[in-house]
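**Q** Okay, handing you the structure first.
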Amino acid sequence: MKRVSLSRKLTLETRSSLPDGAGGTVEAWTQEGVLWGDVQVRTARVRNAAETAFSTVGYRIFVRAAPSGQPSRPEAGQRLREGARVFRIESVAEWDPDGRYLVCNAKEERVA
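Numbering-wise (our numbering), the sequence shown opens with residue 119 and increments by one.
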């Protein structure tokens with residue numbers, strides 16, 4: 119197993135809906151806490167939509183494990199933020215047999 123180096127400061131965020139004042143809702147992201155992680159590139163691709171190129175990059179992000187149900191444990195549908203960069207979490211699994219680390223499969227998308 120590869121050594122994990124938790125050297126990048128990441129903010130864990132959860133999506134929530136807030137009233138928009140006109141009877142509807144607006145999407146907002148709430149900070150759940152800070153995690154230290156190891157961000158590794160997996161895949162990359164470019165796609166075109168309406169004359170705009172989008173770059174999508176897949177990552178494996180390793181973080182220290184937390185018990186299920188704890189707010190510090192990432193879940194699919196949440197996201198990790200590092201400054202202006204946003205990583206959408208698609209899945210989370212235990213990385214090692216001892217359960218010390220979690221691996222989050224995530225994607226980052228931006229205009230190319």
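Ideal placement from N, C-alpha and C gives every residue a C-beta, glycine not left out. Owing to the predicted nature of the structure, the values given are computational and were not obtained by experimental measurement.
Might you give, ordered along the chain, the residues of its own chain that have their beta carbon closer than 7 angstroms to the beta carbon of Gln-196, omitting 5 neighbours on each side?
**A** Contacts found: Leu-130, Glu-131, Thr-132 and Ile-207.
**Q** In its own chain, which residues sit with a C-beta less than 6 angstroms from the C-beta of Val-157, not counting the 5 before and 5 after it?
**A** Only Arg-126, Tyr-177 and Ile-179 meet the Cβ criterion.
**Q** Pick helix, strand or coil for Pro-212, following the three-state DSSP scheme.
**A** Here the sequence assigns Glu to residue 212, which means Pro is not the residue at that position. In the structure shown, Glu-212 sits in a strand (DSSP, three-state: E or B).
**Q** Does the separation of the CB atoms of Val-152 and Tyr-219 fall below 8 angstroms?
**A** Taking 8 angstroms as the Cβ cut-off, Val-152 and Tyr-219 do not qualify as a contacting pair.
**Q** Applying the criterion that 16 or more other CB atoms from any shown protein chain within 10 Å of the CB defines a buried residue, is Leu-128 buried or exposed?
**A** Buried: at least 16 other Cβ atoms inside 10 Å.
**Q** Is Pro-185 helix, strand or coil by DSSP?
**A** Reduced to three states, the DSSP call for Pro-185 is coil.
**Q** Would you kindly work out how many angstroms separate the C-alpha atoms of Gln-188 and Arg-228, rounded to a whole number?
**A** Taking the straight line joining both Cα atoms gives about 30 angstroms.
**Q** Nearest to Gly-155 by CA position, among Asp-216, Asp-214, Glu-200 and Glu-226, is which residue?
**A** If we check each option's Cα against that of Gly-155, Glu-200 comes out closest.
**Q** Looking at C-alpha atoms only, which residue of Phe-205, Ser-190 and Lys-225 is the closest neighbour of Glu-150?
**A** Taking only the C-alpha atoms, the option nearest Glu-150 is Ser-190.
**Q** Just to confirm my understanding: we take Arg-160, look at its own chain, exclude 5 residues before and 5 after, and list those with CB closer than 7 angstroms. What are they?
**A** Gly-176, Tyr-177 and Arg-178.
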